[in-house]
Amino acid sequence: MPRESKKAKTARAAEAFDLLTEEYPEAHCELDFVDAFQLGVATILSAQTTDVRVNMVTPELFRRYPGAEALANAAQEDVEQVVKSTGFFRNKSKNIIGFARGLMADHDGAVPKTMAELSALPGVGRKTANVILGNAFGLDEGVVVDTHVKRLTTLLGFTKEKTPEKVERDLMVLFPRDRWTLLAHLLIWHGRRVCDAKKPRCEACTLSGLCPSSRV
DNA sequence: ATCCCGAGGG
DNA sequence: CCCTCTGGAT
Numbered sequence: 122m123p124r125e126s127k128k129a130k131t132a133r134a135a136e137a138f139d140l141l142t143e144e145y146p147e148a149h150c151e152l153d154f155v156d157a158f159q160l161g162v163a164t165i166l167s168a169q170t171t172d173v174r175v176n177m178v179t180p181e182l183f184r185r186y187p188g189a190e191a192l193a194n195a196a197q198e199d200v201e202q203v204v205k206s207t208g209f210f211r212n213k214s215k216n217i218i219g220f221a222r223g224l225m226a227d228h229d230g231a232v233p234k235t236m237a238e239l240s241a242l243p244g245v246g247r248k249t250a251n252v253i254l255g256n257a258f259g260l261d262e263g264v265v266v267d268t269h270v271k272r273l274t275t276l277l278g279f280t281k282e283k284t285p286e287k288v289e290r291d292l293m294v295l296f297p298r299d300r301w302t303l304l305a306h307l308l309i310w311h312g313r314r315v316c317d318a319k320k321p322r323c324e325a326c327t328l329s330g331l332c333p334s335s336r337v
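Per my numbering, the very first residue in the first sequence carries number 122; after that it's consecutive.
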């Protein structure tokens, strides 16, 4: 089978996006915080865990530390107790405190709006920066690539890359910029609801007609 | 046993 | 590119 042309792949990508939009008109970031600081903290905490568990600890965390200044002055062991159930709690506590201290030191406690400034902050990597820019500031600067996004885009034949950075580059080429943030949400929702990692329900999948990996 | 919206370091 | 750090649901 000849390699799919770039044009055909782009068309298939657009079709997949439209079908998912129909399927999940309400798709949004499930770490629901409008506040950029809190969204950043929640995203750092979401490593190797689910949004559900992050959303269980954040109320108490932000009750104690409502903003960058409070968290910057927190004792790490206190923070560890609050976020313990999300796993990796030692690293995560260090990272969110580092994030808060970076904001205080470099930006007067405010969250910056550029990829370069965000990524320069301790504890903030590419994914957290993308989540903040896309969901708190409405800026499509990149595509969040988590395990769902990577799995589904690989199954769909939209990328063959392994590292999140390279997968993201492929998706940024394949999808128009104003869809980047929503794209990640749609794929994550679909990954959780239908295209599960262990038992994908191809028979119930709206994308089965255009998915090279579909079993139906 | 496997999976989950990550960052930092080797 | 790889590894480590960690808990909890399935």
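Heads up, the beta-carbon is just placed ideally off N, CA and C, and yes, glycines get one too. Predicted model, so just to flag it, every value in this text is computed and none were measured.
Is the beta carbon of Ala189 closer than 8 Å to that of Phe210? The count along the first sequence starts at 1 and reaches residue 210 at position 89. The count along the first sequence starts at 1 and reaches residue 189 at position 68. Not a contact, by the Cβ cut-off of 8 Å.
Just how far apart, CA to CA, sit Ala196 and Leu242? Position 75 of the first sequence holds residue 196. Position 121 of the first sequence holds residue 242. Between Ala196 and Leu242, the C-alpha separation is close to 19 Å.
Put Ala322 into one of helix, strand or coil per three-state DSSP. Looking up residue 322 in the first sequence gives position 201. Note that residue 322 corresponds to Arg in the displayed sequence, not to Ala. Arg322: coil per DSSP, three-state reduction.
Using only the alpha-carbon positions, how far apart do Gly244 and Ala237 sit? Here residue 244 corresponds to residue number 123 of the first sequence, with the count starting at 1. Here residue 237 corresponds to residue number 116 of the first sequence, with the count starting at 1. So the two alpha carbons sit approximately 14 Å from each other.
Under 8 Å: do the segment 251-266 and the segment 297-307 share three or more Cβ pairs, one atom per stretch? yes
Run through the segment 180-228 for me and flag every whole beta strand (DSSP E) of 3 or more residues, listed as ranges in chain order. none
Residue from Val337, Lys320 and Gly312 whose Cα sits closest to the Cα of Ala148: Within the first sequence, the letter at position 27 stands for residue 148. The residue with the shortest Cα to Cα distance from Ala148 is Gly312.
DSSP on Leu328, reduced to helix/strand/coil? For this step, residue 328 is matched to residue 207 along the first sequence. Reduced to three states, the DSSP call for Leu328 is coil.
Separation of Leu276 from Val315, as counted between CA atoms: The sequence position of residue 315 within the first sequence is 194, counting from 1. The sequence position of residue 276 within the first sequence is 155, counting from 1. Answer to the nearest angstrom: the Cα atoms are 13 Å apart.
Taking only runs of the alpha helix (DSSP H) that begin and end inside the segment 233-298, which ones reach a length of at least 4 residues, in chain order? 236-241, 247-252, 268-276 and 285-295
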